[in-house]
């Protein structure tokens, strides 16, 4: 593996029905780094992740993984989609589902080796899922399924793990748990993480780098480099303020002009 | 020109008149029910009920009952059974439909076997499977008309709850709608319309007119009202043109054997569906409108 | 019961049951009951067409079932799967009706294609059926894990480069293959019911895919054997017994689930580890 970035998104544009969803987006993810992809709903986070996975055709630019253009069959990426509804009628245990992350591409019935079974066991332990490892994966709760999906994505030892809005619809305590679990597991396995979210505060303690996405354009760097009034104002195309309060960050649009869109996560909540 | 299109006797033929009327009535009713069937993803159930109704038909041959009773009775029983076995999930529902369909076909096999051993007339199977619109008796018209009105009235009376529970069962339940009861009532309407159309126009046409015009119209328009209208129009147009072609086809070949009317109607319905997937004009229009929106948004910024 | 024409029936029945159990396992998991019904039923049109042209009906069946599988797979990408399946089915049936209208002797043909004549199987039919059956089983075996993951989470499978839409079409081709071999000998009804009832029951009894897979085949075998015996004794059609016993398996599976839900913790209906 080269020493360059794990993921290099190079001047990428994607248009749907004549509308630019991603407009000249560039950023890099370095090995073993935790990167947050932050932006309101509908700014193109899922499109960006799907482009990286090769599931979305890009109109301009290039995406390189480990320095090479992504081919469809490169199994160097792990992916946890935003919403998965696993059919509870399918007789597959959580343990078997994690194992499928290892060998779903393999033809035939071949029995899993002892090493592989140990790897599955270790992975289940890493995500604290031994307790429900022998339950049908479809009948697990949302949070339990998410752990299994993470284990499934990580077991093939990818160099980059992509997660689409894993923190949406979780209560604050669960958000904290998932974030620390991801941080720990990614560090243990030496995997870079690119995680999309519409809110950055819960990620501040673990995030090495931020990609801030709005209006189809992106700014990236460390949190201190990006979450600043001048950088974000350029990105939004109008003035925004960045407030720091009790270790939390708030992006506030000036409601001076009537046609200015206020970003969804900017509501100031005093706790 | 006119004699080229309409072979001699088309307008004076009694069976043709009956076929045109019953065909149109069936097309309108199944078209309307079909829009909901396609929306709810119940095409399989809609098709399976024709086979279930057919079982009733073969049973009524055996017991010497009037086929209409067999068709409708079996259809309603089958719909009830599917609902009883049916589970909430889409895949589970298909399996439940499959189980009921399997049993119904198995019983049909038994009755057809008993029919042939009992009376030695094997015409029963043929008539049950491929009922023909041209062999209808004009006395069937009032029965078909009354049952069609009943079906449409049933759909109209549950229209709004049915619509909401088709779009989101959770939302409907939150509004206090009994999703289960609405679903069962819809299955009842589906069973009646399918039983009716499979005796009137045959089981193949019943499925074709239930699914084809509805699926086509749902691809052409996003407005539900217009979808009902389109489905009815497409269904009636396909039926009438099909009857015309089938009638004319007796004159096409020297053997004078003609092609079955169901073949022409299904072909027209199928072509309409395939063509609706191409529809380059509406998409171009849509893009133009989107570009307009984008331009407007740019100006504001 | 175990001599003469019945020997052929036992052998064919056993082959068909294994294929039905294997293919049916994924028919049920993927919710593909409708295509599994549509392909065998529509394929009869091919036999009718072949009859008209004077070629081997097996060729007509093969062409039509394969065409149906590829057509459904292709059209599904741009429309609602169930509506597309229904339309493909009626189009084939209508073609069949057109073919039949042009030929003179058709009545017994329809009956045997829909309901089969397993008791009239000849020695010579066993080998081609066994070969095509082996191809089906081999295909499912080779694609086993892909089929499993794409049934559960197609998007994740796509992210791993597994092409779920390709797996879908490949599976429809497996159904078509199973259809071509079984419809002329046992009829569309029998193979369809075998692919639904026993596999749907099998997955109720276990949480492990491999065991459910094996149970599915075992249930299908028992169904066919008992149905053959009953048919031999009573003279009623085999298809009738197979469909009734298949439904009975399904009822047993659902009953077992309901009983387990009743006895174990209500919060997790399919929970399998009481030691939590």
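Chains as they are written, first to last, in my numbering: chain A, 6 to 276; chain B, 215 to 515; chain C, 187 to 462. Positions of the beta carbon are idealized from the N, C-alpha and C atoms, including for glycine.
Just the chain B side, please: which residues come within less than 8 angstroms of residue 426/C by C-beta, in chain order?
Ordered by position in chain B, the residues that pass the 8 angstroms Cβ test against residue 426/C are 320, 321, 323, 324, 327.
Residues that residue 343/C contacts on chain A, provided the C-beta gap is smaller than 7 angstroms:
Ordered by position in chain A, the residues that pass the 7 angstroms Cβ test against residue 343/C are 109.
How would you label residue 435/C, buried or exposed, when you count the other beta carbons within 10 angstroms and need 16 or more for buried?
Answer is buried; the Cβ neighbour count reaches 16.
Along the alpha helix (DSSP H) that carries residue 426/B, what are the first and last residues, could you check?
Its alpha helix (DSSP H) spans residues 417 to 434.
Rounded to a whole number of angstroms, what is the C-alpha to C-alpha distance between residue 203/C and residue 304/C?
A straight line joining the alpha-carbon of residue 203/C with that of residue 304/C spans about 12 angstroms.
Sort 242/C, 274/C, 421/C by Cα distance to residue 257/C and report the nearest one.
That would be 274/C, whose Cα lies nearest to the Cα of residue 257/C.
Which residues mark the beginning and the end of the alpha helix (DSSP H) in which residue 399/C is found?
Counting along the chain, the alpha helix (DSSP H) containing residue 399/C begins and ends at 395 to 420.
Under the three-state reduction of DSSP, which class applies to residue 181/A: helix, strand or coil?
Assignment of residue 181/A by DSSP, reduced to helix, strand and coil, places it in the helix class.
Chain B contact for residue 401/C (CB, 7 angstroms cutoff)
Chain B contact via Cβ: absent.
7 angstroms Cβ cutoff, residue 196/A in contact with chain C:
Using beta-carbon distances, residue 196/A does not count as an interface residue toward chain C, since no partner is under 7 angstroms.
At 3 residues or longer, and completely inside the stretch 247 to 271 of chain C: list those beta strand (DSSP E) runs for me, N to C.
Here no run is fully enclosed.
Would you call the stretch 259 to 274 of chain C and the stretch 445 to 456 of chain B in contact, with 3 or more CB pairs under 8 angstroms?
A contact is defined here as three or more CB-CB pairs under 8 angstroms, and the stretch 259 to 274 of chain C fails this definition with respect to the stretch 445 to 456 of chain B.
Quick check on residue 341/C: does DSSP put it in helix, strand or coil?
Of the three classes helix, strand and coil, the one that applies to residue 341/C here is helix, per DSSP.
Kindly indicate which residue of 143/A, 11/A, 65/A has the alpha-carbon position closest to the one of residue 21/A.
Residue 21/A has its Cα closest to that of 65/A, out of 143/A, 11/A, 65/A.
Counting only beta-carbon atoms, is residue 421/B nearer than 7 angstroms to chain C?
Yes, residue 421/B lies at the interface with chain C (some Cβ there is under 7 angstroms from its Cβ).
For residue 445/B, is the classification buried or exposed, using 16 other Cβ atoms within 10 angstroms of its Cβ as the cut-off for buried?
Label assigned to residue 445/B: buried.
When 422/C, 449/C, 432/C are compared against residue 324/B, the one with the closest alpha-carbon:
Nearest of 422/C, 449/C, 432/C to residue 324/B, Cα basis: 422/C.
What are the boundary residues of the beta strand (DSSP E) that residue 278/B is part of?
Boundaries for residue 278/B: no beta strand (DSSP E) harbours it, and the DSSP string shows neither H nor E there.
Any contact between the stretch 417 to 428 of chain B and the stretch 302 to 322 of chain B? By contact I mean 3 or more CB pairs, one from each, below 8 angstroms.
Per the Cβ contact rule, the stretch 417 to 428 of chain B is not in contact with the stretch 302 to 322 of chain B (fewer than 3 Cβ pairs under 8 angstroms).
Would you list, in chain order, the members of the stretch 287 to 316 of chain B that have their beta-carbon closer than 7 angstroms to a beta-carbon of chain C?
Closer than 7 angstroms at the C-beta level to chain C, one finds these residues of the stretch 287 to 316 of chain B: 304, 305, 308, 309, 311, 312, 313, 315, 316.
Assign residue 460/C to buried or exposed, taking buried as 16 or more other Cβ atoms, counted over all protein chains shown, within 10 Å of its Cβ.
Note on residue 460/C: pLDDT 35, under 50, position unreliable in the model; no value is reported.
Listing by chain order, which chain C residues have their CB less than 7 angstroms from the CB of residue 17/A?
Under a criterion of Cβ atoms nearer than 7 angstroms, no residue of chain C is adjacent to residue 17/A; the nearest Cβ is some 18 angstroms distant.
Is residue 245/C closer than 7 angstroms to residue 371/C when the C-beta atoms are compared?
For residue 371/C and residue 245/C, no; Cβs fall outside 7 angstroms.
Contact with chain C by residue 232/A, beta-carbon distance below 7 angstroms
Look at residue 232/A: its C-beta is not under 7 angstroms from any C-beta on chain C.
Would residue 474/B count as contacting chain C if we go by Cβ distances under 7 angstroms?
Taking Cβ atoms only, chain C reaches closer than 7 angstroms to residue 474/B, which makes this a yes.
Would you grab the beta carbon distance between residue 105/A and residue 157/A for me? Rounded to a whole angstrom, and I think it's under 8 angstroms.
Rounded to whole angstroms, the Cβ separation of residue 105/A and residue 157/A is 7 angstroms, and the two are in contact under 8 angstroms.
Determine the extent of the beta strand (DSSP E) in which residue 16/A is found, giving its start and end residues.
Note, residue 16/A: beta strand (DSSP E), 12 to 21.
When DSSP labels each residue in this structure, what does residue 389/B get in the three-state scheme?
Residue 389/B falls in the coil class under three-state DSSP.
Do residue 234/B and residue 475/B come within 7 angstroms of each other at the CB atom, strictly closer than that value?
Pairing residue 475/B with residue 234/B gives a Cβ-Cβ distance that is not under 7 angstroms.
State the CB to CB distance for the pair residue 54/A and residue 169/A, rounded to an integer number of angstroms; the pair is presumed to be in contact (CB under 8 angstroms).
Residue 54/A to residue 169/A, Cβ: 5 angstroms. Contact.
Which of helix, strand or coil DSSP assigns to residue 495/B:
Here residue 495/B scores only 45 on pLDDT, less than 50, and its place in the model is too uncertain to base an answer on.
According to DSSP, what are the bridge partners of residue 189/A?
Its beta-bridge partners do not exist; DSSP assigns none.
Just how far apart, CA to CA, sit residue 248/C and residue 248/B?
Distance between the alpha carbons of residue 248/C and residue 248/B is about 31 angstroms.
Under 8 angstroms Cβ-Cβ, which residues of chain A neighbour residue 393/C?
Neighbours of residue 393/C on chain A, chain order: 96, 97, 98, 139, 140, 141.
Keeping to the same chain, check which residues put their C-beta closer than 7 angstroms to that of residue 224/A; ignore five residues upstream and five downstream.
The answer, listed in chain order, is 217, 231, 236, 240.
Compare the C-beta of residue 220/C against all C-beta atoms of chain B and say whether one is closer than 7 angstroms.
Chain B places a beta carbon closer than 7 angstroms to that of residue 220/C, counting this residue as a contact.
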